[in-house]
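Only one structure is covered here, and it is reproduced in the block below.
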Amino acid sequence: MSKGILYDATLCIGCKLCEKGCAERNGLPYDDTIAAEQKQSEHKFTVVLTRNDKFMRRLCMNCQDPSCASVCPVAALRKTALGPVTYDASRCMGCRYCMLACPFSVPKYEWNKPLPLVRKCDMCFDRVARGLQTACAEACPTGATMFGVREDLVSEAKDRIAKNPENYVNHIFGLNEVGGTSVLLLSSVPFEEFGYRTDLSGEALPLLTYRVLSHIPDLVTIGGVALGGLWWLTNRKNELVRAEHGNSDPTLGGRNDYAKS
Amino acid sequence: MQSPKITFWRVVLVLILLVGAYATVVRFTKGLGASTNLSDAFPWGLWVGFDVMCGVMLAAGGFTLTATVYILNLREFKPIIRPTVLTAFLGYILVTVALLFDLGRGYRIWHPLVMWNPRSVMFEVAWCVTLYSTVLSLEFSSVVFERWRFFKLLRLQKMLVIPLVIAGVMLSTLHQSSLGSLYLIVPNKLHPLWYTPILPVLFFLSAICVGLAMTIFESSMSARHFGRHLELPLLRQLGRTLLVALGVYTVVRFQDLLHRGVWHLLQWRSPETPLFVLEMLLCSFAPICLLLIPKVRNNADGLYLSSVLCLLGFVTNRLNIAITGMERYAGQQYFPKWTEISITLAIVASGFLIFALAVKYLPIFESEVPRQSLAVPETAGGKLPELYHVES
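If you're matching them up, the sequences are chains Y and G in order. If you're matching positions, the first sequence starts at 1 in this note's numbering and goes up one per residue. If you're matching positions, the second sequence starts at 1001 in this note's numbering and goes up one per residue.
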C-alpha cells in the first residue's frame, strides 16, 4: 500500500517540531537561526512557512509519477512502491536536471562543496520501510502532519472539508496535481499565498517526454531504412549515368566508389 | 625549431587560456557555488546553455554534410567534408570537456552508460552523444590513417563509411532534437514564447540550418586564415539550401506561435520581448532577406555575413531557452560569473587552436589519396606501392 502524508494547516500551531525531527533524522544541524529560515535548502528539507497566524509546510511532495525520477539519466532518483521518492547518492553525477524538472523546485544542491550532492526529503524511506511513520509526523504534537496509507488520507481529507467547509479552501493540494502526490495539503487560505502553484495540470509531467521518447525506436528503424534506400537510389542513378558516359565523370559516385575514392 | 611569431590573436589566445586555467583551478577547488552564479532557483546556466546546447548545435555541420555527400551522393562537396567532420568531432570533444566543468561530479560522467534510465531524455542524449562521438572519430580516422599511412585500416574505414554515415545521421537526428525534448517536462517553467510541444522538431530543423551555416562559415574562415582556396560554387549551393531551410524553420516557428496564440505575450515592457525579437531577426529575417538578394547569395562576403547572422541567431535561440525563458519562473535574473565566462571562452579558444594545429599537421585540406591508388594491391612485406604519394 502506497503511504502518504496529510498536512492540515488549520491544525498547525507553527511549533516547527517537524523541522527539528526532520533535521535529526537526516543528520542536519538545527538551531534558532536555521529555524528562522523561511525556505527549503540543502540543510533544511522541510520548512514551516509563517504568514501572520497562518502556517504552511513545504517538503518534497513525493509525486506519484515524479518528474525528477523520470529525468534522472542515472536513475539515482526513484519512486518506491511504498510512496517515498528516494535518492541514491552513489549514482548521481550532478547534472541537476532533477532541479530543473521538479514542478515544485524541491531538490536542492550543495553548491559550496567541491563534490556536491542533491539533497531533498525522501519521506523517511528507511523508517517507512520498517513500518514506522515519518520523523515529521512522529514529531507533530497536534496531528497537523499525519502519516498513513494515501487512500485513507484522501478520504480523511475529503471528510474534513465536508464536515467543516467554512474552515477550508475546497481543494486537496496533491490529490491531482501533476498526476497526484504522496503528500497531501489542506489549508484555510489559498495555496498560492504560500507559493504553491495552482496552474499545474492534472497529468503527470513525465508523460510529456514519454510521448516523444516512445517514438524513438520506430524513428530509428524507419530512418535507417529510408537513408539506406536513399543511398541505394542515388548510387544507382549515378551508376547508370556513369555506364552511359563510359565512366568518365569523376564527380559521380558509384556502388564501389566510396570504397575507392 | 623556430619560435612562433607573436601576433595580436596569439596573445589574445594565450591570455584567454591563462585566465581559463585560473578559473579552472577556482572551479575545482572551491566548487560550483564559488565559481558560478548558479543557484537552487537557477540550476542551469551558461555552461549548459552555451557550451553544451550551442556546442552540439554548432557541430551539426558533420551530419548535414556527410548526409549530403554520402547519402544524397553530391560528391562535389567532398573537398569540404574533412574540415566539417573535424569541426563536428572537436565540437563534441569540447562539449564533453564543458560537461566535466558543469557536472557536480564530473568523474561520474560515464554513469549513464551503465546506470540506465531509458525514460530520461538526458539518458538518451548521453548515449547518442557517446555513440555519435565514436562515429565521428571513425569518420575522421581516415585522416589519421592517411597521415601515418595505415593503408589497411584506411581501406577498412572506407568500407564502413556508408553504415557509419547512416548511423551518424540517425544519432544526430535523435540527440539534436532531444536537446529540445529536455525542456518538454517544464511547461510551467519555460516562458510560453519558447515552450512548445514541438521543441524537438524546432531543434532538429534549426540544427540543419546551423549545419549549413556552419559549413559556409568555416569554409570562409579557412579561406581567410589558412590561405585555402574558397569553393565559391559549393558555398553558393549551400547558401541556397540554407535559404530554403531557414524558410521552412521560420514557417514552422510562426505557425507554432500562431496556433498556441501567444503573440499577446510580446509586450513592450516584458523583458523577454527584446531578446525574442533579436533572436527572430538574427536567425530568420536578416539571413532570409540577405539570401533572397542574388547579389548577396552569390558573393563570398554576402554568404559569410548571412551565415554569421544565422549562427548568432540560433545561439541566441538556445540561450533564450536555457536562460531568458527560465528567468521569470525562477523569479531572479541570471548573469554568468567571470569564471563561467572565462572557462567558456577558453573552451572556444582551444577549439580554434586545435583546429589550426590539425590543419597544420594533418591532411585536412590537402588532396586525398589518389583514387586509383587504393585499388592497387598491396605488395608483400608492407612495402608501399609507388602510387602512395601523400603530401604531408
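For glycine and all other residues, C-beta sits at the position ideal for the given N, C-alpha and C. Since the model is a prediction, treat every value here as computed from it, not as a measurement.
- Close partners of G:L1184 in chain Y (Cβ separation under 8 Å): L208, T209 and V212.
- Between the stretch 1049-1059 of chain G and the stretch 1075-1083 of chain G there are fewer than three inter-stretch CB-CB distances shorter than 8 Å, so the stretches are not counted as touching.
- Against chain G, the beta carbon of Y:M93 has neighbours under 8 Å at L1103, G1104, R1105, G1106, R1108, I1109, H1111 and P1112, listed in chain order.
- Following the DSSP letters along the chain, one finds Y:V220 inside the alpha helix (DSSP H) bounded by residues I216 to E244.
- Judged by DSSP in its simplified three-state form, Y:L205 adopts coil rather than helix or strand.
- The CB of Y:V74 comes closer than 7 Å to the CB of H1111, P1112, M1115 and N1117 in chain G, given here in chain order.
- Within the same chain, I1016, L1017 and G1020 come within 6 Å of G:A1346 by CB-CB distance, once the 5 residues on both sides are set aside.
- Taking 8 Å as the CB threshold, G:M1053 stays off the interface with chain Y.
- The Cβ atoms of G:P1336 and G:G1045 lie closer than 8 Å to each other.
- Cβ atoms of Y:C12 and Y:T181 stay farther apart than 8 Å, at about 18 Å.
- DSSP places Y:F147 in the uninterrupted beta strand (DSSP E) bounded by T145 to V149.
- G:S1142 and G:V1025 have their C-alpha atoms roughly 36 Å apart.
- Contact between the stretch 1053-1069 of chain G and the stretch 133-141 of chain Y is absent: fewer than 3 CB-CB pairs across the two stretches fall below 8 Å.
- Look at the beta carbons and you see the stretch 1092-1106 of chain G touching the stretch 90-110 of chain Y: at least three pairs across the two are nearer than 8 Å.
- Of all residues in the stretch 220-236 of chain Y, only V220, G223, G224, L227, G228, L230, W231, T234 and N235 come within less than 8 Å of chain G when Cβ atoms are compared, listed by chain position.
- Within the model, the alpha-carbon separation for G:M1280 versus G:A1286 is close to 9 Å.
- Annotation: the continuous beta strand (DSSP E) that includes Y:Y7 extends over K3 to D8.
- With respect to chain G, the C-beta atom of Y:M61 has no partner C-beta closer than 8 Å.
- Against chain G, the CB of Y:S70 has a partner CB under 8 Å away; the residue lies at that interface.
- The Cβ neighbour count for G:Y1361, taken over all protein chains shown within 10 Å, is under 16; the residue is labelled exposed.
- With respect to chain Y, the C-beta atom of G:M1170 has a partner C-beta closer than 8 Å.
- Interface with chain G (8 Å Cβ-Cβ cutoff): Y:A101 is included.
- A distance of 8 Å or more separates the beta carbons of G:F1217 and G:V1348.
- Of the candidates Y:A75, Y:M1, Y:C68 and Y:S105, the residue whose Cα lies closest to the Cα of Y:K39 is Y:S105.
- Taking C-alpha positions only, Y:C18 is separated from Y:L117 by approximately 23 Å.
- Residue pairing from DSSP places Y:Y87 in a beta bridge opposite Y:L77.
- The DSSP-derived three-state label of Y:F55 is strand.
- With a contact defined as Cβ atoms closer than 8 Å, G:V1121 and G:S1206 miss out at about 17 Å.
- With a cut-off of 8 Å on Cβ pairs, the stretch 22-37 of chain Y is not in contact with the stretch 77-85 of chain Y, counting fewer than three such pairs.
- Shortest Cα-Cα distance from Y:V189 to any of Y:T86, Y:T10, Y:M146 and Y:E177 involves Y:T10.
- Counting only runs that start and end inside the stretch 1100-1133 of chain G, the alpha helix (DSSP H) elements of at least 4 residues fall at 1111-1114.
- One Cα belongs to Y:N238, the other to G:I1071, and the distance between them is close to 12 Å.
- The DSSP-derived three-state label of G:L1171 is helix.
- It is roughly 11 Å from the alpha-carbon of G:Y1092 to the alpha-carbon of G:S1172.
- For Y:I5, the closest C-alpha among the options Y:H171, Y:A101, Y:E156 and Y:G229 is that of Y:E156.
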